[in-house]
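Take a look at the structure set out below.
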Amino acid sequence: MSIEQLAETAQAMVAAGKGIIAIDESTSTIAKRFAGVGIENTEENRRAYRELLLTTPKLSDYISGAILYDETLRQSTKDGTPFAKYMAKNGIIPGIKVDKGTHALAGCPGEVVTEGLDGLRDRLKEYYALGARFAKWRAVINIGDDIPTGTAIEANAHALARYAALCQEAGLVPMVEPEVLMDGEHDIQTCYEVTEAVLRSLFAALYEHNVLLEGTILKASMIVPGKDCPDQADVDEVAESTVMCLKSTVPAILPGIVFLSGGQSDEDATAHLNAMNQLGALPWPLSFSYGRAMQSAALKLWSEDLKGNFSKAQGTVYARAKDNGLAAQGKWEG
1 MSIEQLAETA
11 QAMVAAGKGI
21 IAIDESTSTI
31 AKRFAGVGIE
41 NTEENRRAYR
51 ELLLTTPKLS
61 DYISGAILYD
71 ETLRQSTKDG
81 TPFAKYMAKN
91 GIIPGIKVDK
101 GTHALAGCPG
111 EVVTEGLDGL
121 RDRLKEYYAL
131 GARFAKWRAV
141 INIGDDIPTG
151 TAIEANAHAL
161 ARYAALCQEA
171 GLVPMVEPEV
181 LMDGEHDIQT
191 CYEVTEAVLR
201 SLFAALYEHN
211 VLLEGTILKA
221 SMIVPGKDCP
231 DQADVDEVAE
241 STVMCLKSTV
251 PAILPGIVFL
261 SGGQSDEDAT
271 AHLNAMNQLG
281 ALPWPLSFSY
291 GRAMQSAALK
301 LWSEDLKGNF
311 SKAQGTVYAR
321 AKDNGLAAQG
331 KWEG
């Protein structure tokens, strides 16, 4: 795929008023979500739940793409249509999570690095053949006593850059996700400083690995205090701090930035995105790539009656997509 095609896909991912739905939970992670609402974690239940999300009527009004898990990319709707084919036909770009999760970073207690580079080139070729047109890799940065270290930041930035280069070689738009966790007691200024350092390291690594930013999407965490910090920030402070940090670190040539909800409540994630888009002209579109903040209400409703509440649950997915689509334009009214 040419850089023009990669750029075209990336731009479509952040089209005005649209965002990404993340339904890429691993089998073990979705088991926890299902257990929380009393659903048995079978392959058929996972398939049916992903079908509920992906076949929501008029979803493409506000959703441009969906990040899938390996199992999901290989599954089909109940009538036998492969999910990727159904999505492409209905205006939703198929994406795929390709990392293998976080592991302890040797020599750096309390810190992790994401693994999954071994064999990635061949996996990406297969995912492209299965219909994926973008991929996602999540790095995790912890804030705590004397962490993050420069070693952890650089190790994760290096892995993200190698992954991104391999994606573009395979014709996939890389979504790079360096998540700074909300866990801890740190204040908003500490989150700002850590996020700034992480993003500077990331874009330096992308440059060194000849990654074409025109065909890359950043999935960013917002600048928020730790959830155990006694001094929580209001919506405007989060929005202003996040935009300021991005302006100081993210090249203007990037097609767009999507945010993860990162443990925020559904409403907070939407309110913060909306406030950012009300701050005036920005170098790039700011949109969303939410998982739990898009799905939690639907999962609870569906769990109460897997067949009877299918359409009702889809209604909540559409409502959440609409709210966030409006927030991506600064037009959400709460």
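With the first letter of the sequence shown counted as 1, position 227 gets the number 227 in our numbering; the numbers rise by one all the way through.
Glycine included, every Cβ here is placed at the ideal spot set by N, Cα and C.
* Within the region 236-287, note down every full alpha helix (DSSP H) run reaching 4 residues or more, in order along the chain. => 266-276
* If you drop the 5 nearest sequence neighbours on each side, which residues of the same chain put their C-beta closer than 7 Å to that of glycine 215? -> Ile3, Leu6, Ala7, Ala10, Gln168 and Val173
* Going by the CB atoms, is the gap between alanine 164 and valine 211 shorter than 8 Å? -> yes
* In the DSSP assignment, find the beta strand (DSSP E) that holds histidine 186 and state where it starts and stops. => Taken as a continuous stretch (DSSP letters only), histidine 186 belongs to no beta strand (DSSP E), as it is neither H nor E.
* For glutamate 333, which of helix, strand or coil comes out of DSSP? -> Glutamate 333: coil per DSSP, three-state reduction.
* In the DSSP assignment, what residue or residues form a beta bridge with serine 296? -> DSSP lists no partner for serine 296.
* To do: Could you tell me which of Leu181, Arg47 and Val180 sits nearest to proline 82, measuring between CA atoms?
  => Residue Arg47 holds the alpha-carbon nearest to the alpha-carbon of proline 82 among Leu181, Arg47 and Val180.
* Enclosing beta strand (DSSP E) for arginine 133 [first to last residue] -> Where arginine 133 is concerned, there is no enclosing beta strand (DSSP E), given that its DSSP letter is neither H nor E.
* Asked: Using CA coordinates, which residue listed in Gly17, Met13 and Ala12 is at the minimum distance from leucine 273?
  -> Put simply, of Gly17, Met13 and Ala12 the residue whose alpha carbon is nearest the alpha carbon of leucine 273 is Gly17.
* Asked: When DSSP builds the beta bridges, which residues end up paired with histidine 103?
  -> Val113
* Go to glutamate 179, then tell me how far its beta strand (DSSP E) extends in each direction, as first and last residue. => 173-180
* Asked: Does the beta-carbon of histidine 158 have 16 or more other beta-carbons within 10 angstroms, so that it is buried, or is it exposed?
  -> buried
* Based on the DSSP output, what are the partners of isoleucine 67 in its beta bridges? -> Ala22 and Gly95
* Asked: If you draw a straight line from the C-alpha of leucine 213 to the C-alpha of valine 176, how long is it?
  -> 11 Å
* Can you name, in chain order, every residue of its own chain whose Cβ lies under 6 Å from the Cβ of alanine 22, other than the five neighbours on each side? -> Ile67, Ser289 and Gly291
* For isoleucine 143 and glutamate 111, believed in contact at Cβ under 8 Å, the rounded distance -> Actually they do not touch by this definition, with Cβ atoms about 10 Å apart.
* Cβ shell of methionine 182 (< 7 Å), same chain only, five flanking positions each side left out -> Taking methionine 182 as the centre and dropping the five residues before and after it, the same chain places the C-beta of Val224, Gly226, Lys227, Gly262 and Gly263 closer than 7 Å to its C-beta, in chain order.
* Spell out the partners DSSP gives leucine 218 in its beta bridges. => Val176 and Ile257
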